[in-house]
Amino acid sequence: MNNKEFIAELAQRCGYTQEKTQNLVNILVEAMASNFDEGEAVSIPSFGTFEIKKRLERILVNPSTGKRMMVPPKLVLNFRPTPLVKEQLKKGGNS
């Protein structure tokens with residue numbers, strides 16, 4: 676599902692126009708991004724938690740040349756679903 680299809684489905688379910696729905700989604704994404712900038716997690720009940728984790732520096736080996744390279748540490752976005760969502764995915768997404 677792409678953004679246009681997602682907005683159309685959400686607008687239809689909520690009874691708003693697609694333009695208003697797109698604005699609401701943009702506000703949600705901006706609010707989440709500002710929390711991530713501050714290093715805070717975002718928890719969505721019955722869905723899961725988005726959090727920033729620090730990936731430590733590590734050594735990788737290029738398989739074709741055998742050359743070892745140091746990869747610097749970086750911040751990554753991690754998602755941890757709720758047990759209910761995990762169970763639905765195990766069953767193939769249909770409940």
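The opening residue of the sequence shown carries number 676 in the numbering used here; numbering runs sequentially from there.
All C-beta atoms, glycine included, are put in the ideal place defined by N, C-alpha and C.
Quick check: is any heavy atom of the ligand ADP less than 8 Å from the C-beta of PRO758? Of the ligands one can find in the structure shown there are none, so the ligand ADP has no counterpart to examine.
Applying the criterion that 16 or more other CB atoms from any shown protein chain within 10 Å of the CB defines a buried residue, is THR692 buried or exposed? exposed
Just the C-alpha distance for LYS725 and PRO747, rounded to the nearest angstrom, thanks. The question names Lys, but residue 725 in the sequence shown is Phe. Cα-Cα distance, rounded: 23 Å.
The region 709-720 contacting the region 730-739, beta-carbon criterion three pairs below 8 Å: no
Can you tell me whether ILE682 is buried or exposed, with buried defined as 16 or more other CB within 10 angstroms of its CB? buried
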